[in-house]
Amino acid sequence: MTFTVDRRSLLMTGTLGLGAFAVPGFTQALSIATARGFTHAVASGEPASDSMLLWTRYVPTDGGAVELKVELSEHADFAKVAGSGAQITGPWRDHTAKITVAGLRSGTLYHYRFVAPDGTQSPVGRTRTLPEGEVDRFRAAIFSCSNIAFGYFNAYAHAVARDDLDLTVHLGDYFYEYRPDVYPTLKESVAGRIPEPRGELIHLADYRLRYGSYRADPDLQALHTKLPMIVQWDDHESANDSWEGGAENHQPDEGDWNARRAASIQAYREWMPVSDEPWKAYDIGSLATLFRTETRVLARTRQPDVAALFKEKDPAAALLAFRNGAWMDPGVTMMGSQQENWLDHAVRASVKAGQTWQVVGFGTVMGNTITPPDALGWLAPDASKRVREYVSSGLAAAKIGLPSNYDSWGGYPAARARFLKGAQGAGANLVVITGDSHNAWAYDLGQDGHAAGVEFAGHAVTSPGYENALARDPKLVAASLVKANPELKWCDTSQRGYMALTITPDRVSNDWLMSDNVKMKSARASVGHMVTVKRGRNVMA
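Per our numbering: the sequence shown = residues -5 to 535.
1. Whole alpha helix (DSSP H) runs in the stretch 214 to 281 with 4 or more residues, listed along the chain?
2. Tell me which residues share the same chain as P375 and place their Cβ nearer than 8 angstroms to its Cβ, disregarding the 5 neighbours each side in the sequence.
3. From what residue to what residue does the alpha helix (DSSP H) around S387 run?
4. Considering E65, what are the terminal residues of the alpha helix (DSSP H) in which it resides?
5. Identify, in the order they occur along the chain, each residue of the same chain with its Cβ nearer than 6 angstroms to the Cβ of T498, setting aside the five sequence neighbours on each side.
6. Look up N148 in the DSSP assignment and say whether it is helix, strand or coil.
7. For M322, which of helix, strand or coil comes out of DSSP?
8. Pull up the DSSP beta-bridge partners for A536, would you.
9. Take G84 and list the residues in its own chain whose beta-carbon comes closer than 8 angstroms to its own, dropping the five residues that flank it on each side.
10. Please report whether the beta-carbon of K483 lies at a distance below 8 angstroms from any beta-carbon of chain C.
11. So what does D438 bridge to, in DSSP terms?
12. At which residues does the alpha helix (DSSP H) containing F32 begin and terminate?
13. Would DSSP call K515 helix, strand or coil?
14. Return the CA-CA distance between V426 and G452, expressed in angstroms with no decimal places.
15. Considering just the uninterrupted stretch of the alpha helix (DSSP H) at S344, what are its terminal residues?
16. Is N462 buried or exposed, if buried means 16 or more other CB atoms sit within 10 Å of its CB?
17. Counting along the chain, where does the alpha helix (DSSP H) carrying V471 start and finish?
18. Hey, out of T283, R342 and A408, whose CA is closest to S331's CA?
19. Using CA atoms only, rank isn't needed, just tell me which of M223, G416, S386 and D299 is closest to A446.
20. Answer yes or no: do F144 and V512 have a C-beta to C-beta separation smaller than 8 angstroms?
21. Can you give me the Cβ contacts of A517 inside the same chain, cut-off strictly under 7 angstroms, excluding the 5 residues immediately before and after it?
22. Give the range of the alpha helix (DSSP H) segment to which L203 is assigned.
23. Quick check: is any heavy atom of the ligand NAP less than 7 angstroms from the C-beta of A134?
24. Give me, in chain order, the residues of the same chain whose beta-carbon lies closer than 8 angstroms to that of A391; leave out the 5 immediate sequence neighbours on both sides.
25. Between I82 and D44, what straight-line distance do the alpha-carbon atoms span, to the nearest angstrom?
26. Relative to the C-alpha of V291, which candidate in A253, D247 and T496 has its C-alpha closest?
27. Report yes if the C-beta distance between A473 and D486 is below 8 angstroms; otherwise report no.
28. Within 8 angstroms, do at least three Cβ pairs link the stretch 346 to 355 to the stretch 274 to 291?
29. Do you know offhand how far A134's Cα is from E126's?
30. Tell me, which residues are paired with R107 by DSSP?
31. Hey, is the stretch 35 to 42 in contact with the stretch 255 to 272, meaning 3+ C-beta pairs nearer than 8 angstroms?
32. Hey, how far is the Cα of F108 from the Cα of E128?
33. Which of the three DSSP states is assigned to K74 in this structure?
34. Given this structure, state the Cα-to-Cα distance separating W251 from S236, to the nearest angstrom.
35. Are at least three pairs of beta-carbons, each pair with one atom in the stretch 90 to 109 and one in the stretch 44 to 54, less than 8 angstroms apart?
See below:
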């Protein structure tokens, strides 16, 4: 069954239940202008050993303010309420509510529901607090890059069907800001998967409607309803290739960037089960600390523009000067000095407290990656002049050790070095998890000739990767990339899905789950690759 998400069909799933998706024509029957009640089910996030943030959206009959209550219980029938809370919400926050309930038991499965003043109840969600003390095993599903028009969220559906997950993590690009017919084009879009609004997201109302559109997806709702999620944004929650002062996809005729950025942040904080803290640490008993970071719009320096160097009279000399100068500028930062200082101290505190593993989530890939020398051979015979020039530029940069992507950590080598040196100095067992690239990667991260940690970079839920632009066998592309990049130990450039990270006291393993398809609805997936890092090694086994 396909469903159409548009301005007239945001679903009243809280009132009618998830079973409403099985009713033919249901998505054409409701209007967002008249939708009332619990419109988008429930979600949970910001887990701790004794608390949880709980989310819902409720629109009362008069469209005004309302006070919602939430209840948690260890019993599905709510025979005994273990925790509760209340919040007043209204149109000023798009009728969303986020209530943090404290006083909970560690490592415990809870059922929760919201209750409106008229007694109406939301769908029941499940969540689990983080454990305390010694932990034998903890498993998290890790997602990124979920463009609804490119296909079905089958990765979410596969994770929902599992019974061995403790947590979900979303590393960004939860949605995409483009107007329809840009990325993807209407021809590339899956029927019934085009979100609202039908323009690019610029104003607060636009961002709110796009969240409502995505959150109507049944697989995404089911994921939020079943498991707590730790979320952080990347660029598409605001605009493509965003930084502190602008974005590649923000033009002068679209108004002030600061207003657009503020609108995107407000809508994100309204619609997502996340606190207003820009970064945070989560202790998983004595097993690990998971760090949520912000590397996009609060302090990121503008990405280097190497394209301009190829217009110079002597491009080779210009590239060399860039490599030896601006590229290594210590003032160029991903996180800003405040967050860098926080993260460095937090990693040290985690190690000192006896946490075995330090797991750090970043939006973009950290491993060093250059363009392989045979990359022109990857292209189709009819590849455009623009594509050929892009690859040729990457080859010229690679000859002097410059990376293929400057919107990732490849554009911020001094900031990368500071982070990795700090982890080495702390004696961390470092695992970096990243998204953004749409492809799957496994790196051994090094600094100053010594092992610093490992990186597991996730492929997209739906957004296409290298395979969308190349004609060569993906296995040969992957082999070329690994051969050209010493830190890179494995990659896959052709499949969509998600990662499953398993943490134990002695080792961390990561599975890359590959979805069977995204163009058709299916919950099937299989493990495409698995790697392990042992405690104290900081390199993959």
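In this text, a Cβ means the ideal position worked out from N, Cα and C, and glycines have one as well.
Reading it off the structure:
1. The DSSP assignment places 251 to 265 as complete runs of the alpha helix (DSSP H) inside the stretch 214 to 281, in order along the chain (cut-off: 4 residues).
2. The residues are A465.
3. It spans K379 to A392 - the alpha helix (DSSP H) in which S387 sits, taken as one unbroken run.
4. Not the alpha helix (DSSP H): E65 falls in the beta strand (DSSP E), residues V60 to S67.
5. Excluding sequence neighbours, T498 sits near R131.
6. In the structure shown, N148 falls within a helical segment according to DSSP collapsed to helix, strand and coil.
7. The answer is helix: DSSP assigns M322 an H, G or I state.
8. Nothing about residue 536 can be reported from this structure: the residues present for the chain run from -5 to 535 only.
9. Here the set comprises G58, A59 and V60.
10. Here there is only one protein chain, and chain C is not present.
11. Beta-bridge annotation (DSSP): D438 is paired with V448.
12. From DSSP, F32 is part of no alpha helix (DSSP H) but of the beta strand (DSSP E) over G31 to G39.
13. It is coil, neither helix nor strand.
14. In a straight line, the C-alpha of V426 is about 11 angstroms away from that of G452.
15. G330 to K346 is the span of the alpha helix (DSSP H), which, as asked, contains S344.
16. That one is exposed.
17. From DSSP, the alpha helix (DSSP H) with V471 extends over P468 to A478.
18. Comparing Cα-Cα distances from S331 to each of T283, R342 and A408, the minimum goes to A408.
19. A446 has its Cα closest to that of G416, out of M223, G416, S386 and D299.
20. Yes, the pair counts as a contact, with Cβ atoms nearer than the cut-off.
21. The residues are N148, A151, H152 and A155.
22. Per DSSP, the continuous alpha helix (DSSP H) segment holding L203 begins and ends at L198 to Y208.
23. The model depicted lacks the ligand NAP and carries no ligand whatsoever.
24. Annotation for A391: V300, L313, I364, T365, P397 and S398 place their beta carbon closer than 8 angstroms to its own, counting only its chain and skipping 5 residues before and after.
25. About 23 angstroms.
26. The shortest C-alpha separation from V291 is found at A253.
27. 8 angstroms or more divides the Cβ of A473 from the Cβ of D486.
28. Yes, the stretch 274 to 291 is in contact with the stretch 346 to 355.
29. Approximately 17 angstroms, taken between the alpha carbons.
30. According to DSSP, residue pairing for R107 in a beta bridge involves E65.
31. In this structure the stretch 35 to 42 lies against the stretch 255 to 272, because at least three pairs of beta carbons, one per stretch, are closer than 8 angstroms.
32. Cα-Cα distance, rounded: 33 angstroms.
33. Shown here, K74 sits in coil according to DSSP, grouped into three states, outside any helix or strand.
34. The straight-line gap separating the alpha-carbon atoms of W251 and S236 is approximately 10 angstroms.
35. Touching, per the Cβ criterion.
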